[in-house]
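*Asks:* Please read through the structure below; I'll follow up with questions.
Residue numbers (the numbering used here): 10 to 378.
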């Protein structure tokens, strides 16, 4: 009997490797050929289920019809170890995605995008928008000006830049607070014009100066002079020349009251000096004989200073009483009788008390020293 020849090798398709009887192969040989689908029309798609092949049928292929044509499946069918996965080179996901066609991108191999950059970008945009809004609100609030009436002072204020609400006092010597009494009239106002605020503040300054200069007792002349200097700073605009002339006149009022204060101080000092002359005349000094005359002279000057040019007594610092003026001193030699006071009758006219006769003679009833 003749032996049957071995079956011819099975062609698996274009570029595919032929599969024959298992023969010893070198270890590690790669199987990368693709396996074509079976040519049996019964196994074609749409032709129904294929009849399972018998294991002892030599006409059937050794490769099952359901073998997946992938390198990994072929290596598994050949009993070889799977190929280790290749490490992907780290590249920019955006550039890699742009370089590959849409139909070749593998969604399983795509790296998940991190959401941290988007969160950081959103936070930066939110902070930037908040800062921009605060800057705009601060600029709008800084353009607002106000005259605020406090309990004891008037303040000129402007809006605050940051935080963009509220007000702060204006700086500069011309915007110094104006001291007022608690009962003074004042109205707080707001404006966007510097010229209007200057007019309001200047009016408040002049009103306070007038109130102090027309008081019953004009005091605090230094404070009034400081207010007038502040008013001159506010009235430097050429359009306020009339107000500047009024301020100059008020400066003259301050100078007048300074002089009046000095005259009153001089009158008080003259009164003190007169008292000293009167005390000396009462002791009848041995070598000075005009102490009483000096006292009378200073008394007249002090009285005239107290009356002023109008002749009205304005609280004289020294008002001599009837007993304050000492009796006139008459010099007499030892052993000469002093003159006795003349007797004034009902019809006689009394002469001046200070005028002593030049020679009284030796009247009866005198006392000899």
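Backbone N, C-alpha and C define an ideal beta-carbon position, used for all residues, glycine too.
Where residue 289 and residue 282 are concerned, what is the direct C-alpha to C-alpha distance, given to the nearest angstrom?
*Replies:* Looking up residue 289 in the chain shown gives position 280. Looking up residue 282 in the chain shown gives position 273. Taking the straight line joining both Cα atoms gives about 11 Å.
*Asks:* Mapping DSSP to helix, strand and coil, what is residue 207?
*Replies:* As a first step, residue 207 is located in the chain shown; it is residue number 198 there, counting from the start. Three-state DSSP puts residue 207 in a helix.
*Asks:* Under the DSSP definition of a beta bridge, which residues are partnered with residue 176?
*Replies:* Working through the chain shown from its first residue, we reach residue 176 at position 167. Among the bridge pairs identified by DSSP, residue 176 is matched with 168.
*Asks:* Give, in chain order, every unbroken run of the beta strand (DSSP E) that is at least 3 residues long and sits entirely within the segment 223-302.
*Replies:* none
*Asks:* If you draw a straight line from the C-alpha of residue 356 to the C-alpha of residue 305, how long is it?
*Replies:* Here residue 356 is taken as the residue at index 347 of the chain shown, counted from 1. Here residue 305 is taken as the residue at index 296 of the chain shown, counted from 1. Only weak support exists for where residue 356 lies, its pLDDT of 46 falling under 50; the value from the coordinates is given anyway. Cα to Cα, residue 356 sits roughly 30 Å from residue 305.
*Asks:* Only counting the same chain, and skipping five residues up and downstream in sequence, which positions put a Cβ closer than 7 Å to that of residue 242?
*Replies:* The residue labelled residue 242 in the question sits at position 233 within the chain shown. Hits under 7 Å: 182, 183.
*Asks:* By a C-beta neighbour count over all protein chains shown, 10 Å radius and 16 as the cutoff for buried, is residue 218 buried or exposed?
*Replies:* Stepping through the chain shown from its first residue, residue 218 is reached at position 209. Per the 10 Å Cβ criterion, buried.
*Asks:* Anyone know if the C-beta pair for residue 154 and residue 201 falls short of 9 Å?
*Replies:* Start at 1 with the first residue of the chain shown, and residue 154 comes out as number 145. Start at 1 with the first residue of the chain shown, and residue 201 comes out as number 192. Contact: yes.
*Asks:* Would you identify the three-state DSSP class for residue 391, choosing helix, strand or coil?
*Replies:* The structure shown has nothing for residue 391, since the chain only spans 10 to 378.
*Asks:* For residue 381, does the count of other Cβ atoms within 10 angstroms reach 16, so buried, or fall short, so exposed?
*Replies:* A question about residue 381 goes unanswered here, because the residues of the chain that appear run from 10 up to 378.
*Asks:* Please work out which residues of its chain come closer than 7 Å, Cβ to Cβ, to residue 171, disregarding the five sequence neighbours upstream and downstream, and give them in chain order.
*Replies:* What you label residue 171 is simply residue 162 of the chain shown in a count that begins at 1. Here the set comprises 143, 147.
*Asks:* What do you reckon, are the CB atoms on residue 195 and residue 233 nearer than 9 Å?
*Replies:* Locating residue 195 in the chain shown gives position 186, counting from the first residue. Locating residue 233 in the chain shown gives position 224, counting from the first residue. Result no, Cβ atoms of residue 195 and residue 233 do not sit closer than 9 Å.
*Asks:* Within 10 Å of its beta-carbon, does residue 92 have 16 or more other beta-carbons around it, so buried, or fewer, so exposed?
*Replies:* Stepping through the chain shown from its first residue, residue 92 is reached at position 83. Answer is exposed; the Cβ neighbour count stays below 16.
*Asks:* Our contact map puts residue 197 next to residue 157 with C-beta atoms below 8 Å; I'd like the distance itself, whole angstroms only.
*Replies:* Counting from 1 along the chain shown, the entry for residue 197 is found at position 188. Counting from 1 along the chain shown, the entry for residue 157 is found at position 148. 5 Å between Cβ atoms; contact.
*Asks:* When you compare each of 199, 207, 161, 132 to residue 192 by their alpha carbons, which one comes out closest?
*Replies:* Within the chain shown, numbered from 1, the residue matching residue 192 stands at position 183. Residue 192 has its Cα closest to that of 161, out of 199, 207, 161, 132.
*Asks:* Taking only the alpha-carbon atoms, compute the straight-line gap between residue 309 and residue 316 and give it to the nearest angstrom.
*Replies:* If you number the chain shown from 1, residue 309 lands on position 300. If you number the chain shown from 1, residue 316 lands on position 307. If I take the Cα positions, the gap works out to 11 Å.
*Asks:* Taking Cβ positions, are residue 178 and residue 186 nearer each other than 9 Å?
*Replies:* As a working mapping, residue 178 is identified with position 169 in the chain shown. As a working mapping, residue 186 is identified with position 177 in the chain shown. The answer is yes: Cβ separation under 9 Å.
*Asks:* Can you tell me whether residue 307 is buried or exposed? The criterion is at least 16 other CB atoms within 10 Å of its CB, across all chains shown.
*Replies:* Along the chain shown, read from residue 1 onward, the residue named residue 307 stands at position 298. Looking at its Cβ environment, which holds 16 or more other Cβ atoms inside 10 Å, residue 307 is buried.
*Asks:* Where do the N-terminal and C-terminal ends of the alpha helix (DSSP H) with residue 84 fall, by residue?
*Replies:* One-based indexing of the chain shown puts residue 84 at position 75. Where residue 84 is concerned, the enclosing alpha helix (DSSP H) stretches over 80-87.
*Asks:* Drop a sphere of 10 angstroms on the beta-carbon of residue 226, count the other beta-carbons inside from all chains shown, and report buried for 16 or more, exposed for fewer.
*Replies:* Within the chain shown, numbered from 1, the residue matching residue 226 stands at position 217. Exposed, by the Cβ-count rule.
*Asks:* Can you look up residue 199 in the DSSP assignment and give me helix, strand or coil?
*Replies:* Walking along the chain shown from the start, residue 199 turns up at place 190. DSSP places residue 199 in strand when its eight states are reduced to three.
*Asks:* Using the C-alpha atoms, what's the distance from residue 274 back to residue 312?
*Replies:* If you number the chain shown from 1, residue 312 lands on position 303. If you number the chain shown from 1, residue 274 lands on position 265. Cα to Cα, the separation comes out at about 13 Å.
*Asks:* What's the C-alpha gap between residue 294 and residue 284?
*Replies:* Along the chain shown, one-based indexing puts residue 294 at 285. Along the chain shown, one-based indexing puts residue 284 at 275. Answer to the nearest angstrom: the Cα atoms are 15 Å apart.
*Asks:* In the DSSP output, what is residue 162 paired with across the bridge?
*Replies:* Start at 1 with the first residue of the chain shown, and residue 162 comes out as number 153. Its beta-bridge partners are 188.
*Asks:* Please say whether residue 270 and residue 215 have beta carbons closer to each other than 9 Å?
*Replies:* Along the chain shown, read from residue 1 onward, the residue named residue 215 stands at position 206. Along the chain shown, read from residue 1 onward, the residue named residue 270 stands at position 261. No, they are not a contact pair.
*Asks:* In this structure, does DSSP put residue 123 in helix, strand or coil?
*Replies:* Here the question's residue 123 lines up with position 114 in the chain shown. Coil at residue 123, not helix or strand.
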